[in-house]
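Some notes on the structure that comes next.
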Amino acid sequence: MMAATDLVPRVENAAYVVDLANNENLMGPSPLAIEAIQREAAQVYRYPDIDGTPLLDALAEHYETETEHFMLGNGSNELIDLIARQWARPGTEVIVPSPSFLPYGSASQRAGAKIIRTGLRDWHFDLDAVVDMICEKTSLIILGNPNNPTGTEIDRGTLEHWLATIPEDILVVLDEAYAEYSSDQGLGLALLKQRENLIVLRTFSKAYGLAGLRIGYAIGSPDLIRIVQSQRQQFNVNRLAHTAALAALKDQDYLLRVLGNNVVFKRILYAGLSDLRIAHVPSFTNFILLYCGYALATSEALKTYRLLVKPLERFGLHEFIRVTIGPPETIERLLIALKEIQSEQSWFPVSECPVSVPKQPCSGEKLWRY
Ligand SMILES: Cc1ncc(COP(=O)(O)O)c(C=O)c1O
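Using the numbering used here, you'd call the opening residue of the sequence shown number 1154 and step up by one each time.
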């Protein structure tokens, strides 16, 4: 029987840069996906299947539903963009609980809508504040669950109850980019059974390790999927992405090992952070929010250790960095570097013992309109 850590991660030697800034799966994709790409390489003179039908069929089988409920995108980023073009038109308002994945706001703003941001309560979206901000102009609400950059998730009961209070003419988008890592992998699908006006987004970029190929998918009613499809260019997803995603989806054993490893790696990281008394937000993803006192200075200091992390000042979290959870060698490098920075820099706090969840800086009120 294979232990969770038996997967050999491709970890860079300490002399090289380790990029922990983008929430990628540092174990990489399934070897079967890599083999499939190699086999398909000679076929790239041909256009891809226009809809990616073999993959749509495989997704339908995987989720035990019909193919018409799915469409593919050039990453879920493209799907966010396509949805915004249709539902975030000038004159409309889009509610984006924040801090969250930045393209929700930027895509909606590009499409012409006014963005309404609501804040957090105990590191979770303040869903009551979202309801308070609904008006006759509200056309779209975009929610990341689990959320990037907080790594927190909202439980099924809370979301079900909240969704029931959202008027049916407002489209709700639930971005489940990190669903595989979460505590409730079937959440989006279950909610789709309860509400028509909902689109769930998923991606092969995170747990499936295919970020560089750009492939994600939307799940929704056939009518909604048709509307989103009408916005896309033909051949929006390339041939190698189709092939690799199909192979990755079929290799659920590998996915389970990735997820098992992430649990083990997270445990090792939590223990190290507790030893150093670095406050952090418990994560339901493959990344974690760390309280470091001064995000930009910490990320700059970590670069001298050849470690790249995400400072979160653009999210309004000036005292926090976000770090991808990697294999033990990576965690060790990170912890050694953090320990040295913490001992040398007065702005890097040593939290109380036992380490508590850091106080989140945003109120539960509406944050800003622009
Ligand atoms: C919450 C969230 N949604 C979507 C994406 C983008 O995924 P994709 O690579 O499928 O465009 C990311 C990537 O970081 C993310 O964090």
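All residues carry an ideal CB built from backbone N, CA and C; glycine is no exception. These numbers were taken from a predicted model, which means no experiment stands behind them.
Express the C-alpha separation of P1481 and G1413 in angstroms, rounding to a whole number.
13 Å
For L1449, which residues in the same chain have their Cβ closer than 7 Å to its Cβ, ignoring the five residues on either side in sequence?
P1464, E1466.
Would you check if the distance between the CB atom of I1268 and the CB atom of V1283 is smaller than 7 Å?
Not a contact, by the Cβ cut-off of 7 Å.
Go ahead and pull the three-state DSSP assignment for S1504.
Here S1504 sits in coil by DSSP.
State the DSSP-derived secondary structure class of A1371, mapped to helix, strand or coil.
strand
Short of 6 Å in beta carbon distance, which residues of its chain neighbour V1503, apart from the five on each side in sequence? Order them along the chain.
R1430
Check whether the Cβ of D1328 sits closer than 6 Å to any heavy atom of ligand 1, and report yes or no.
yes
Buried or exposed: E1177, going by 16 or more other Cβ atoms within 10 Å of its Cβ?
Counting Cβ neighbours within 10 Å, E1177 comes out buried, since at least 16 surround it.
Candidates R1420, H1395, D1204, E1505: which alpha carbon is nearest T1220's?
D1204
Spell out the partners DSSP gives F1473 in its beta bridges.
Y1444
Kindly indicate which residue of R1486, I1478, L1487, C1506 has the alpha-carbon position closest to the one of L1179.
I1478
Using the Cα positions of L1354 and A1260, report the straight-line distance between them to the nearest angstrom.
15 Å
When burial is assigned at 16 or more other CB atoms within 10 Å of the CB, is D1234 buried or exposed?
buried
Using only alpha-carbon positions, find the residue among N1300, A1266, K1512, P1243 that is nearest to F1254.
N1300
Determine the contact status of A1398 and I1190, defining contact as a CB-CB distance below 7 Å.
no
C-alpha distance - L1296 paired with L1316, whole-angstrom precision:
11 Å
In angstroms with no decimal places, state the Cα-to-Cα distance between S1509 and E1333.
26 Å
Identity of the residues DSSP links to M1224 by a beta bridge:
A1371
Counting pairs of Cβ atoms below 8 Å between the stretch 1403-1421 and the stretch 1269-1278, do you hit three or more?
The answer is no - the stretch 1269-1278 does not touch the stretch 1403-1421, with fewer than three Cβ pairs under 8 Å.
Please report the distance separating the alpha-carbon of V1325 from that of Q1262.
Roughly 17 Å between the two C-alpha positions.
DSSP has R1274 in a bridge; who is on the other side?
Note: R1274 sits in a beta bridge opposite H1277.
From what residue to what residue does the beta strand (DSSP E) around T1291 run?
1291-1297
Bridge-paired residues (DSSP) for H1433:
L1443
For D1159, is the classification buried or exposed, using 16 other Cβ atoms within 10 angstroms of its Cβ as the cut-off for buried?
Note that D1159 has pLDDT 44, beneath the 50 cutoff, so the model's placement of it is unreliable and no number is given.
May I have a chain-ordered list of the alpha helix (DSSP H) segments no shorter than 4 residues that lie completely inside the stretch 1171-1230?
1184-1193, 1206-1216
Endpoints, the beta strand (DSSP E) within which T1356 is located:
1351-1356
Classify K1346: buried if its beta carbon has 16 or more other beta carbons within 10 angstroms, exposed otherwise.
exposed
Check whether the Cβ of S1436 lies closer than 6 Å to any heavy atom of ligand 1, and answer yes or no.
S1436 Cβ: outside cutoff for every heavy atom of ligand 1.
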